[in-house]
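Structure (structure tokens):
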């Protein structure tokens, strides 16, 4: 970073004065920001004292990158302590409900993996009752993800028009009813149809949650919220494991097998919660009755310029077309797709892999999957808090996770014995589940506007889920019991995901860095009773990246020309 001494601008009473804020370690704002890196004013940042209604009054905003007076004039209206209290209130209103949605989604979508091994060796096993082979059962996951992938992005476009409370409630009620219908299937064709409609009706819940958070939080604040979100969501493994273990013992009660009880109970719980969501889930800041008008204005003013806002029109086809031409969306989609294909098969097959190890009875082997959940929660908590400090580039965290998964796959490929398989499967599954909360804050840094954010978030999450359709096909019965070929294929796919993560980091490096360093500066300014007017401007950052690339290419050509002359 540049160390050139420049001053920062503080606006007070409509006048500008220049100071150089000095921090505890002796650095100044000019040591943190490169001239022209964040703003247009030779390294200067613009500060305003907190507690005033109109930020930036009397200042020409042309020199303030990412600042839009009409949208952001209220961003200094609350003092730092009031802002922190307000965010905690928002957390309590939003995150528990959204986390339970994610918890139920994980339980309902993945329970098919656990029911596969319920009552194994008896006539009440799902494979036996429906007359299915192991490979035919693999298609259950594929048929679920086909409509899920197709419907995700379109579903997200309805979130703003119909409001999250209504749309998410519709999703949960209809998928809960469909899940209950699983208990009535009599053959494999019936199960395929039920899974198809489950995928279709569940599509949109998760990207809808991510989109809704973009209306309330800044991208650099997503990490902490997704930490809570994913930590609770990963209790699904514990709940599902305990539930299937318990219901394994009542198989035959009231004429229903254990797997039928699983689908019926989980479906009913989902329907009940979906109904309550209509009345409990907050929509967007302007709709929150528990916020004052000042707080509503502040929440929206503190968002970056590219963030979606409820005041925008519900649908703009131009934003979709712009996203389809945006290489970042395609790069993130490739990151998601290669990762999910390389890891979803293990997630789907983990209960079966553990059961095949022969540690204990088939029923009790359900409980051996529970440590994965606790390890996942620990990883998300530790690395999520670390990433939230913003001292290290965010892409380093998902990249590290990918290398850990690669190492586990190499163990599974090289040492297919009982102990190493269980340990490596446990670690790989935990780091795979923890990869997503590391990636989403990075992804939403690069989304823009209401329609564009809805489409791009839905698109990446939908086509990135192709792994759910293809991943289980890697773990075919002919590769059992050690699945060495399966892990070799998965290892190659995770290797490709590493390459795509590196390429995506390079393309988004400027936006990622600006987001990170501005977060640190806002925290320092808040402690001084000030706020920073500058914000990340995606379009300008991309323009600077292109200019930087063009400059370096010119320099290389000039150097090559000079060498030839010599």
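Residue numbers (full-length UniProt numbering): 1 to 566. C-beta: ideal position from N, C-alpha, C; glycine also. Being a predicted model, the structure only gives us computed values, none of them experimental.
Residues of the same chain with a CB within less than 6 angstroms of the CB of residue 290, apart from the 5 flanking positions on each side, do not exist. Assigned with DSSP and collapsed to three states, residue 49 falls in strand. Its Cα nearest to that of residue 140, the residue 195 stands out among 487, 271, 195 and 148.
Taking C-beta atoms as the reference points, residue 504 and residue 332 count as a pair closer than 8 angstroms.
Boundaries of the beta strand (DSSP E) around residue 531: 530-532. Burial is judged here by how many other beta carbons sit within 10 angstroms of a residue's own beta carbon; residue 254 has fewer than 16 and is exposed.
Nearest to residue 152 by C-alpha distance, out of 250, 182, 198 and 129, is 198. For residue 132, no alpha helix (DSSP H) segment is defined, and its DSSP state is neither H nor E.
Going by beta carbons, residue 302 and residue 218 fall inside the 8 angstroms limit. Burial check for residue 272: the Cβ neighbour count within 10 Å stays below 16, so the residue is exposed. Within its own chain, the residues whose Cβ lies closer than 8 angstroms to the Cβ of residue 269, once the five positions on either side in sequence are excluded, are 104 and 176, listed in chain order. For residue 92, the enclosing alpha helix (DSSP H) begins and ends at 80-115. Between the region 237-249 and the region 101-119, the count of C-beta pairs closer than 8 angstroms reaches three or more; the two stretches touch.
When the Cα atoms are used, residue 295 and residue 457 turn out to be separated by approximately 27 angstroms.
Here the region 110-122 makes no contact with the region 208-228; the two share fewer than three CB pairs at distances below 8 angstroms.
Judged by DSSP in its simplified three-state form, residue 499 adopts helix.
Shown here, residue 527 sits in a helix according to DSSP, grouped into three states.
Around residue 401, the same chain offers 431, 434, 435 and 438 as residues with beta carbons nearer than 7 angstroms, after the five sequence neighbours per side are excluded.
Put simply, of 78, 520 and 311 the residue whose alpha carbon is nearest the alpha carbon of residue 285 is 311. With 16 or more other CB atoms across the displayed protein chains lying within 10 angstroms of its CB, residue 519 is buried.
Leaving aside the five residues that flank residue 258 on each side, the residues in its chain whose CB is nearer than 7 angstroms to its CB run, in chain order, 118, 119, 124, 247, 248, 250 and 251.
Nearest to residue 408 by alpha-carbon distance, out of 490, 204, 200 and 53, is 490.
Take residue 280, set aside five residues on each side of it, and the residues of its chain with a beta-carbon closer than 7 angstroms to its own are 97, in chain order. Runs of the beta strand (DSSP E) spanning 3 or more residues and lying entirely within the region 415-445 do not occur at all. Comparing alpha carbon positions, the residue from 190, 529 and 525 closest to residue 130 is 190. Check the Cα spacing between residue 274 and each of 341, 201 and 186: the tightest is with 201.
The criterion of a C-beta distance shorter than 8 angstroms is not satisfied by residue 185 and residue 531. When secondary structure is reduced to three states using DSSP, residue 511 falls in the helix class. Excluding residues up to 5 positions away in sequence, 263, 264, 267, 268 and 271 lie with their Cβ nearer than 8 angstroms to the Cβ of residue 180 in the same chain. Along the length of the region 264-341, whole beta strand (DSSP E) runs at least 3 residues long do not occur. In this structure the region 371-378 does not lie against the region 470-482, because fewer than three pairs of beta carbons, one per stretch, are closer than 8 angstroms. According to the DSSP assignment, residue 199 belongs to the alpha helix (DSSP H) that extends over 188-202.
Rounded to the nearest whole angstrom, the CA to CA distance from residue 46 to residue 450 is 27 angstroms. With a cutoff of 8 angstroms on beta-carbon distance, residue 204 and residue 171 are scored as near each other.
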